[in-house]
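Chemist: Numbering (our numbering), first residue to last: 6 to 333.
The beta-carbon is built from N, C-alpha and C at its ideal position, and this holds for glycine as well.
Since this is a predicted model, take the numbers as computed values, not measurements.
Below: one structure in structure tokens.
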């Protein structure tokens, strides 16, 4: 009996210690960026701190199919409607869809879009580099458009700054503990092994850059998070040919191709030739060249350390490049 009571006391004490410890580290379970969430690393070390531009709410307005001058089909870089603000600021009316609602530029695309009421002048097709081959190949194989509309949501301007002085206590106790341990292990490997590349959970790598503090604003600015799923090799002629075939399906509007470089391409693999070829063959904006020049000019947080996506400043730069590439 005494052993049973002792065992119960130990179990209760262990649960109590775990609960107190988990509650103490619970604020670390709050994530802002996709890479900190996947790698389970603290925003206090990897969250951006430089103030970002403000984007007026009215510039994120979604126009109807019937009133739109521009139809956009894209991925998660299109969904926030941030880069589109460069167009709406100039009086253009934009209707945006994602590859989940409009899965492809199918053979019947022009007739189908006209049936939806779109009579605009431009169709912008956007995809991030690591998904380009699959996304465009699926479009090429598509014959009949299958539209999957969702409930329309209001896009909200992103914050210009983040106050991390307030502790968030949502989430699981275990996540906060894991984040603390991951941050401790990362620092231990950095101090003891002096590694320039350290693998973390969730297909995330922490890469050390000597010039990191010139390019990023987060506290641990010499270390930047990258996604292992980013494309390593350059894209070749078959991708360009697929883009040309899809362009031929858009007969009543001007197609604008927007391929967004992966974060690791911008910071580590700037020698890729695809964007120059796409510019020559399809008049696509050469975003790799633009972003490379921004990095050379020490643009801070073009892609924040904790994200695979652009910062607000990066999105606005993207939008300006897209606008400049549109024939008028």
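1) Identify every run of the alpha helix (DSSP H) within the stretch 274-329, keeping only runs that are complete inside it and at least 4 residues long; order them along the chain.
2) Examine the Cβ distances between the stretch 130-147 and the stretch 235-252 and report whether three or more of them are shorter than 8 Å.
3) Any chance the stretch 241-261 sits against the stretch 308-323, with 3 or more Cβ pairs inside 8 Å?
4) Comparing alpha-carbon positions, which option in 95, 255, 107 and 317 lies nearest residue 59?
5) Are residue 255 and residue 91 close, meaning C-beta to C-beta below 8 Å?
6) How big is the Cα-Cα spacing for residue 301 and residue 122?
7) Considering only residues of the stretch 165-226, which uninterrupted beta strand (DSSP E) runs meet the minimum length of 3 residues and lie entirely inside it, listed in chain order?
8) Are the stretch 282-294 and the stretch 193-205 in contact at 8 Å, needing three or more beta carbon pairs?
9) Going by DSSP in three states, residue 87 sits in which element: helix, strand or coil?
10) Taking Cβ positions, are residue 251 and residue 107 nearer each other than 8 Å?
11) Which residues does DSSP pair with residue 79 in a beta bridge?
12) Per DSSP, which residues does residue 132 bridge with? Please list them.
13) Give a yes or no on whether the C-beta atoms belonging to residue 94 and residue 67 are separated by under 8 Å.
14) May I ask which residues mark the beginning and end of the alpha helix (DSSP H) holding residue 1?
15) With distances taken from CA atoms, which of 265, 65, 271 and 223 is nearest residue 169?
16) Please go through the same chain and pick out, in chain order, the residues whose beta-carbon is closer than 7 Å to the beta-carbon of residue 332, but skip the five residues on each side of it.
17) Let me know the secondary structure DSSP gives residue 259 once reduced to three states.
18) Tell me which residues share the same chain as residue 56 and place their Cβ nearer than 6 Å to its Cβ, disregarding the 5 neighbours each side in the sequence.
19) Have a look at residue 84 and residue 197 and give me their C-alpha separation to the nearest angstrom.
Modeler: According to the data block:
1) Entirely contained in the stretch 274-329, the alpha helix (DSSP H) runs reaching 4 residues are, in chain order, 279-287 and 292-301.
2) Contact between the stretch 130-147 and the stretch 235-252 is present: 3 or more CB-CB pairs across the two stretches fall below 8 Å.
3) Because the criterion of three Cβ pairs below 8 Å is not met, the stretch 241-261 and the stretch 308-323 do not touch.
4) The residue given as residue 59 occupies position 54 in the chain shown. Minimum Cα distance to residue 59 is reached at 317.
5) One-based indexing of the chain shown puts residue 255 at position 250. One-based indexing of the chain shown puts residue 91 at position 86. No, the Cβ-Cβ distance between residue 255 and residue 91 is not below 8 Å.
6) Reading the chain shown from its first residue, position 296 is the one you call residue 301. Reading the chain shown from its first residue, position 117 is the one you call residue 122. Going by the C-alpha atoms only, they are around 44 Å apart.
7) Whole beta strand (DSSP E) segments, 3+ residues: 202-205 and 209-213.
8) They do not touch, by the three-pair rule.
9) By one-based count along the chain shown, residue 87 stands at place 82. Residue state, collapsed to three classes: coil.
10) Looking up residue 251 in the chain shown gives position 246. Looking up residue 107 in the chain shown gives position 102. No, these two residues do not count as a Cβ contact at 8 Å.
11) Within the chain shown, numbered from 1, the residue matching residue 79 stands at position 74. DSSP, once it has assigned bridges, lists 103 as partnering residue 79.
12) In the chain shown, counting from the first residue as 1, residue 132 sits at position 127. DSSP lists 264 as the bridge partner or partners of residue 132.
13) Here the question's residue 94 lines up with position 89 in the chain shown. Here the question's residue 67 lines up with position 62 in the chain shown. Inclusion of residue 94 and residue 67 in the CB contact set at 8 Å is not warranted, their separation being larger than that value.
14) Summary: the structure shown does not reach residue 1, with the chain confined to residues 6 through 333, and so no result is reported for it.
15) Indexing the chain shown from 1 puts residue 169 at position 164. Nearest to residue 169 by C-alpha distance, out of 265, 65, 271 and 223, is 223.
16) If you number the chain shown from 1, residue 332 lands on position 327. So the list reads 259, once near-sequence residues are dropped.
17) On the chain shown, position 254 is the one that residue 259 refers to. Note: residue 259 maps to strand in three-state DSSP.
18) By one-based count along the chain shown, residue 56 stands at place 51. Answer for residue 56: 165 and 166, listed in chain order.
19) Within the chain shown, the letter at position 79 stands for residue 84. Within the chain shown, the letter at position 192 stands for residue 197. Approximately 42 Å, taken between the alpha carbons.
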